[in-house]
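Data first, discussion second: the structure below is written as structure tokens.
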Amino acid sequence: MSEAYFPVESGALGPEENFLSLDDILMSQEKLPVRVETPMPRLGAFFLERGAGAEPDHPLPQGTKLELPLWLAKGLFDHKRRILSVELPKMYQEGWRTIFSADANVVDLHKMGPHFYGFGSQLLHFDSPENADISQSLLQTFIGRFRRIMDSSQNSYNEDTSALVARLDETERGLFQIGQKGLNDFQSWERGQASQITASSLVQNYKKRKFTNMED
């Protein structure tokens with residue numbers, strides 16, 4: 306019987322998220338603080354309370370601060386027209402970047418945002434002067450936490466791993482599951498419960514690309 310849903314790889318760590326990926330769909334719903342730089346006609350009633358003068362035909366005033374889902378903020382953002390400006394969420398600001406650089410392993414990334422790396426990568430779409438620092442912080446945070454994640458996944462055979470993954474973001478949880486699967490497959494092979502060890506999907510995809518290049 307086929308599965309109801311075949312997982313689709315996330316594209317959020319690249320230029321654009323993949324809207325066939327459930328992870329990316331959920332990530333794009335996360336809120337982003339923005340400031341309106343140009344009055345928006347007939348949108349006052351949607352974002353402001355009636356008591357604040359938000360009649361149906363009133364515009365959304367310049368300077369209004371809102372929280373918009375990432376997908377909407379990206380759609381409205383324009384480098385030339387300056388419709389809105391984006392404020393960095395606290396977890397990507399300099400104070401938190403300093404904590405990550407000191408010891409990234411002490412931070413509960415899932416509590417701060419279940420899509421920490423994907424959401425942070427999408428912030429680079431906006432013209433923040435801190436983009437270079439954000440990208441470097443994301444990379445160093447991932448490097449600093451990667452070894453402990455994989456060590457934990459390789460040393461928790463047949464154990465309850467809920468406490469181990471509770472502090473990981475969704476990208477890290479995926480890596481942990483890959484490590485666990487590799488360990489379980491190896492243990493099964495050692496006990497003679499597996500007929501053969503199959504190549505990983507990464508190796509198979511590499512062979513396919515290499516064969517296609519040879520044909521071209």
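The letter at position 82 of the sequence shown is residue 387 when you use the working numbering, and the numbering goes up by one with no holes. Note that the Cβ used here is the ideal one computed from N, Cα and C, for glycine as well. Quantities reported herein were computed from a predicted structural model and do not represent experimental measurements.
Cβ-Cβ distance between residue i and residue j below 8 Å
{"i": "Glu342", "j": "His420", "result": "no"}
{"i": "Pro338", "j": "Pro366", "result": "no"}
{"i": "Lys525", "j": "Pro374", "result": "The structure shown does not extend to residue 525, since the chain is modelled only from 306 to 521, so the question has no answer here."}
{"i": "Ser467", "j": "Gln485", "result": "no"}
{"i": "Ala409", "j": "Gly449", "result": "yes"}
{"i": "Gly470", "j": "Phe431", "result": "The amino acid at residue 470 is misidentified as Gly; the sequence shows Val. Their beta carbons are not under 8 Å apart, which means Val470 does not touch Phe431 by this criterion."}
{"i": "Phe488", "j": "Tyr462", "result": "The sequence given here places Leu at residue 488; Phe does not occur at that position. Yes, the Cβ-Cβ distance between Leu488 and Tyr462 is below 8 Å."}
{"i": "Ser406", "j": "Gln445", "result": "yes"}
{"i": "Lys385", "j": "Arg340", "result": "no"}
{"i": "Ser433", "j": "Leu473", "result": "no"}
Paired residues, beta bridge with residue i - DSSP
{"i": "Met345", "result": "Leu365"}
{"i": "Val339", "result": "Leu371, Val391"}
Interface flag, residue i vs chain B, CB-CB below 8 Å
{"i": "Ser326", "result": "Absent from the structure is chain B; it holds one protein chain and no more."}
Residue burial classification, residue i (beta-carbon count within 10 angstroms, cutoff 16)
{"i": "Arg347", "result": "exposed"}
{"i": "Arg402", "result": "buried"}
{"i": "Leu325", "result": "exposed"}
{"i": "Glu372", "result": "exposed"}
{"i": "Gly423", "result": "buried"}
{"i": "Ser333", "result": "buried"}
{"i": "Leu414", "result": "buried"}
{"i": "Glu399", "result": "exposed"}
{"i": "Leu331", "result": "exposed"}
{"i": "Glu495", "result": "exposed"}
{"i": "Gly356", "result": "Confidence in Gly356 is poor, its pLDDT being 48 and thus under 50, which makes the residue's placement unreliable; the coordinate value appears in the next sentence. It counts as exposed."}
{"i": "Asp328", "result": "buried"}
{"i": "Val411", "result": "exposed"}
{"i": "Phe451", "result": "exposed"}
{"i": "Glu477", "result": "buried"}
beta-carbon residue i near the ligand MG non-hydrogen atom, thresh 7 Å
{"i": "Phe405", "result": "In terms of ligand content, the structure shown is empty, and the ligand MG therefore cannot be addressed."}
Quick test of the definition: if touching needs 3 or more C-beta pairs under 8 Å, does the stretch 427 to 441 touch the stretch 367 to 383?
yes
Go through the stretch 362 to 404 residue by residue and report every complete run of the beta strand (DSSP E) that reaches 3 residues or more, in order.
Complete beta strand (DSSP E) runs here, min 3: 370 to 374, 389 to 391.
Every unbroken alpha helix (DSSP H) within the stretch 394 to 455, with a cutoff of 4 residues, ordered by chain
399 to 408, 414 to 417, 421 to 428
Where are the alpha helix (DSSP H) runs, 4 residues long or more, that stay fully inside the stretch 451 to 501, in chain order?
467 to 470, 475 to 495
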